[in-house]
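For the sequence shown, our numbering begins at 34 and goes up steadily by one.
From the three backbone atoms N, C-alpha and C, an ideal C-beta is built for every residue, glycine too.
Accompanying notes for the structure given below.
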Amino acid sequence: MELKDFFKPVSIDACKPSMHLHPHVLANSIECYLDDSDFPDITGAQIALMGVMEDRMADTNLGCAMAPDSIRNYLYHLYEGHGKIRIVDLGNIQAGNQITDTYFAVAKAVEILIRNKTLPIIIGGSQDLTYPNYQAYCQLGQIANLVCVDSVFDLGVENGQQVDHRSFLSAILTHQPNYLFNYTNIGYQSYFVDQDAIEFMERLMFDVHRLGVIRKNMEEVEPAIRNADILSFDISCIRQSDAPANHNASPNGFYG
């Protein structure tokens with residue numbers, strides 16, 4: 034299958050180029066897959082945005098499947114950063130008949146982009162999409178460093194159930210063959226995490242950073258982020274007053 038076979042075009046006006054907008058607004062610089070345009074050529078693209086409209090494995094945050102287009106409505110009105118970077122927006126991966134169908138599409142799309150030396154930015158959707166992102170590295174036979182900005186570890190409970198947004202890390206740790214080189218958590222909150230889980234992370238020589246410590250010295254995690262192959266960001270790590278729409282938010286978390 035070709036890359037374009039996994040995606041549906043974006044159909045919101047915010048993504049359309051306009052002469053009425055400033056020329057350096059992202060809407061006028063991102064090459065977006067729209068209803069009336071061709072699928073972007075990823076050759077030479079440094080960054081590729083891809084929405085994934087999937088929330089079946091996030092039973093406490095249903096509705097996050099609609100996030101990709103909601104985010105685009107705001108993202109496309111921002112301005113370009115310093116330097117010229119070619120960004121393409123591939124559109125949205127629709128939820129498959131089974132969750133494994135969605136995972137297959139995400140993993141294959143990420144694999145193709147990495148082979149092309151294009152950085153994929155996945156706009157979810159639920160955080161269990163980190164698992165097929167990791168699977169892409171397994172398909173490539175490439176060792177990966179994973180960084181999760183999250184208030185919990187997402188180890189889940191060993192109950193034989195499918196991977197979900199609270200257990201995807203266990204699926205990654207037990208995946209065979211395993212291509213995970215290192216895992217780093219940034220921002221866990223001790224009252225959400227079992228002490229046994231913290232000791233488990235220490236035994237595996239993984240790096241876990243408590244929220245209170247990192248807020249005092251954010252520079253401490255810069256090397257981990259710089260060396261990350263996969264960065265997974267759970268919006269629930271933002272305090273509720275700054276991200277009120279998230280069902281899993283808490284009074285504590287990162288802020289401005």
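For Ser-269, the closest alpha carbon among the candidates Cys-97, Asp-240, Tyr-112 is that of Cys-97.
For the pair Leu-111 and Val-58, the Cα-to-Cα distance works out to about 6 Å. Taking the Cα of Ala-230 as reference, the smallest distance to any Cα among Glu-253, Ile-145, Phe-186 is reached at Phe-186. Residue burial is scored here from C-beta neighbours: Met-99 has fewer than 16 other C-beta atoms within 10 angstroms and is therefore classed as exposed. By the Cβ test, the stretch 239–253 is not in contact with the stretch 152–161, since fewer than three Cβ pairs between them sit closer than 8 Å. Proximity to Ser-200 across Asn-94, Asn-125, Thr-163, Ala-81 peaks at Thr-163, based on C-alpha coordinates.
Val-241 is positioned such that its CB atom lies closer than 8 Å to that of Tyr-221. Residue nearest to Val-180 within the set Leu-173, Asn-61, Asn-215, Ala-47 is Asn-215 (criterion: CA-CA distance). Going by C-alpha positions, Phe-72 is about 15 Å away from Ser-62. Distance check between Phe-287 and each of Thr-135, Asp-262, Val-85, Arg-243 places Arg-243 closest, using alpha-carbon atoms only. In this structure, DSSP gives Glu-64 an extended state, which the three-state scheme calls strand.
Judged by their CB atoms, Ile-104 and Gln-79 are not nearer to each other than the 8 Å cut-off. In the structure shown, Gly-124 adopts extended strand secondary structure according to DSSP, grouped into three states. With respect to Ile-132, Met-83 sits apart: the two C-beta atoms are not nearer than 8 Å. About 19 Å separates the Cβ atoms of Val-139 and Asn-178, ruling out a contact at the 8 Å cut-off. Taking C-beta separations shorter than 6 Å and ignoring five residues to either side along the sequence, the partners of Leu-146 in its chain run Ala-81, Pro-153, following chain order. Residue environment analysis places Glu-35 among the exposed positions, since fewer than 16 neighbouring C-beta atoms fall within 10 angstroms of its C-beta. Per DSSP, Val-85 is not a residue of any alpha helix (DSSP H); the beta strand (DSSP E) it occupies stretches across 80–86. For Val-139, the enclosing alpha helix (DSSP H) starts and ends at 132–148. Assignment of Ser-44 by DSSP, reduced to helix, strand and coil, places it in the coil class. Apart from the 5 residues on each side of it in sequence, Thr-151 sits with its Cβ closer than 6 Å to the Cβ of Ile-75, Ala-78, Ala-81 in its chain, given in chain order. In the assembly as shown, Lys-141 is a buried residue. Its beta-carbon has 16 or more other beta-carbons within 10 Å.
Residue environment: Asn-106 is assigned as exposed (fewer than 16 neighbouring CB atoms within 10 Å of its CB, all protein chains considered). Inclusion of Ser-265 and Gln-160 in the CB contact set at 8 Å is warranted, their separation being smaller than that value. In this structure, Tyr-66 sits near Pro-42, with a CB-CB distance shorter than 8 Å. Apart from the 5 residues on each side of it in sequence, Asn-149 sits with its Cβ closer than 6 Å to the Cβ of Ile-75 in its chain, given in chain order.
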